[in-house]
Amino acid sequence: MTDHVRIGVLGAATIAPAAVIRPARSSTVAEVVAVAARSADKAQAFADKHGIARVHGSYEDLLADPAVDAVYNPLPNGLHGKWTLAALAAGKHVLCEKPFTANAAEAAEVAAAASASGLVVMEAFHYRYHPLAMRVDEIMRSGVLGPLRHVEANVCFPLPLFSNIRYDYSLAGGAMMDAGCYAVHMARLLGGEEPEVRSATALLRGPSIDRAMRAELRFPSGHLGSVHASLWSSTVLKLSMKAIGENGTLSVFNPLGPQTLHRLSLKLKGRTSTETFGKRATYAYQLDAFTDAVLNGKPFPTTAGDAVKNMTVIDSIYRAAGLPLRQPTP
Numbered sequence: 001m002t003d004h005v006r007i008g009v010l011g012a013a014t015i016a017p018a019a020v021i022r023p024a025r026s027s028t029v030a031e032v033v034a035v036a037a038r039s040a041d042k043a044q045a046f047a048d049k050h051g052i053a054r055v056h057g058s059y060e061d062l063l064a065d066p067a068v069d070a071v072y073n074p075l076p077n078g079l080h081g082k083w084t085l086a087a088l089a090a091g092k093h094v095l096c097e098k099p100f101t102a103n104a105a106e107a108a109e110v111a112a113a114a115s116a117s118g119l120v121v122m123e124a125f126h127y128r129y130h131p132l133a134m135r136v137d138e139i140m141r142s143g144v145l146g147p148l149r150h151v152e153a154n155v156c157f158p159l160p161l162f163s164n165i166r167y168d169y170s171l172a173g174g175a176m177m178d179a180g181c182y183a184v185h186m187a188r189l190l191g192g193e194e195p196e197v198r199s200a201t202a203l204l205r206g207p208s209i210d211r212a213m214r215a216e217l218r219f220p221s222g223h224l225g226s227v228h229a230s231l232w233s234s235t236v237l238k239l240s241m242k243a244i245g246e247n248g249t250l251s252v253f254n255p256l257g258p259q260t261l262h263r264l265s266l267k268l269k270g271r272t273s274t275e276t277f278g279k280r281a282t283y284a285y286q287l288d289a290f291t292d293a294v295l296n297g298k299p300f301p302t303t304a305g306d307a308v309k310n311m312t313v314i315d316s317i318y319r320a321a322g323l324p325l326r327q328p329t330p
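FYI, in UniProt numbering the residues of the sequence shown are 1 to 330.
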């Protein structure tokens, strides 16, 4: 066992610097050592820009590199499952961007492979590793709100670039996949159970692509929930989550990027308290958790098994909205 984790990046994705490259620079146990892209020139340019030593002209070559312990997979949604499976087959740990796969069936396949491999496979819900989300989890588990009545999560931001891969059905795109996977994950965190989908309504960009989605949920214990995701709608920007119980209300502003600005408000018995946390990036906390799992076997919340549950709700929302499930990209 090494005393640090050597990470290879699959694809020259725009999220990679924020998600792993910059956090690794301030880590004592993580190092980004390699990058691969479909174009060797693109990979080389990315490596030069970000100071990455090793360049591979194919994803297969990176997975075969013995100097790589773990893989960061930020490829388009429809390729997440395929290349996570390939990484596991090559004996690499995986930090896979959300959403975990194209649909729940593919997520179950990857989860089974992850379990059989004994390797770490983490879905990159970075927000979940920030102290803000940890505090939310603590409050919800404490039961201080009393029996729950309603939870909601909203992840809406403007992305009017319709040539973007998030609007490409062949790459498993859609607002529910991109922004909505966060909203579903947050609603599950607040609700404490796996919900059923009561109804869903989509705003469309194309025949199969949602640019926005609303869904109504019901949890086994009887409390209700709602999720709202948007890449382009009249709701330009809304990042929040809320839980209403018989004893009070928990409200969170900007759970997604709290390093920029955030607020947690807890109202109990007519009195409201607020909490804020530091400005360290969610991605830095996520990388800490990933390396701790790889090096020390420490448990973490966004497991492959949890990803199956999240994708199951997403599939149900697409069905309720009358849209086809997303499919893996060949």
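Think of the CB as a built atom: it goes at the ideal place given N, C-alpha and C, for glycine as much as any other residue. Keep in mind the model is a prediction, meaning the values are calculated, not measured.
- Residue range A104 to S117 is occupied by the alpha helix (DSSP H) that includes A105.
- When DSSP states are grouped into helix, strand and coil, H80 belongs to the helix group.
- A straight line joining the alpha-carbon of V252 with that of A133 spans about 9 Å.
- DSSP, reduced to helix, strand and coil, places G225 within a strand of the structure shown.
- Excluding its 5 nearest sequence neighbours in each direction, R198 has C-beta neighbours in its own chain below 7 Å: E216, L217 and R218, listed in chain order.
- Closest by C-alpha distance to G305, out of A18, P328, I165 and S115, is S115.
- In this chain, the beta strand (DSSP E) harbouring E152 covers L148 to C156.
- Collapsing the DSSP output to three states places D288 in a helix.
- For the set V68, D210, F100 and G11, the Cα lying nearest the Cα of C156 is the one of D210.
- Distances from the alpha-carbon of T302 to those of T84, E97, N77 and A281 put E97 closest.
- Separation of A307 and K92 (C-alpha to C-alpha, rounded to the nearest whole angstrom) is 19 Å.
- When C-alpha distances from V33 are compared across M241, A19 and V5, the shortest belongs to V5.
- Runs of beta strand (DSSP E) with 3 or more residues, each lying fully within the segment 252 to 299, are found at 263 to 268 and 271 to 275, listed in chain order.
- DSSP places Y72 in the uninterrupted beta strand (DSSP E) bounded by A70 to N73.
- Here the alpha carbons of I7 and V121 stand approximately 13 Å from one another.
- In the DSSP assignment, V55 falls within the beta strand (DSSP E) that extends over R54 to H56.
- Excluding five sequence positions before and after V136, the CB atoms of its chain that fall closer than 8 Å to its own CB belong to L189, L190, M241, L250, V252, P255 and L264, given in chain order.
- Beta-bridge analysis with DSSP links H93 to A70.
- Residue nearest to V9 within the set T2, R38 and S26 is R38 (criterion: CA-CA distance).
- At least 9 Å separates the beta-carbon of V71 from that of V55.
- In this structure the segment 230 to 245 touches the segment 155 to 172; the number of beta carbon pairs closer than 8 Å is three or more.
- Counting along the chain, the unbroken alpha helix (DSSP H) around G191 starts and ends at G180 to G191.
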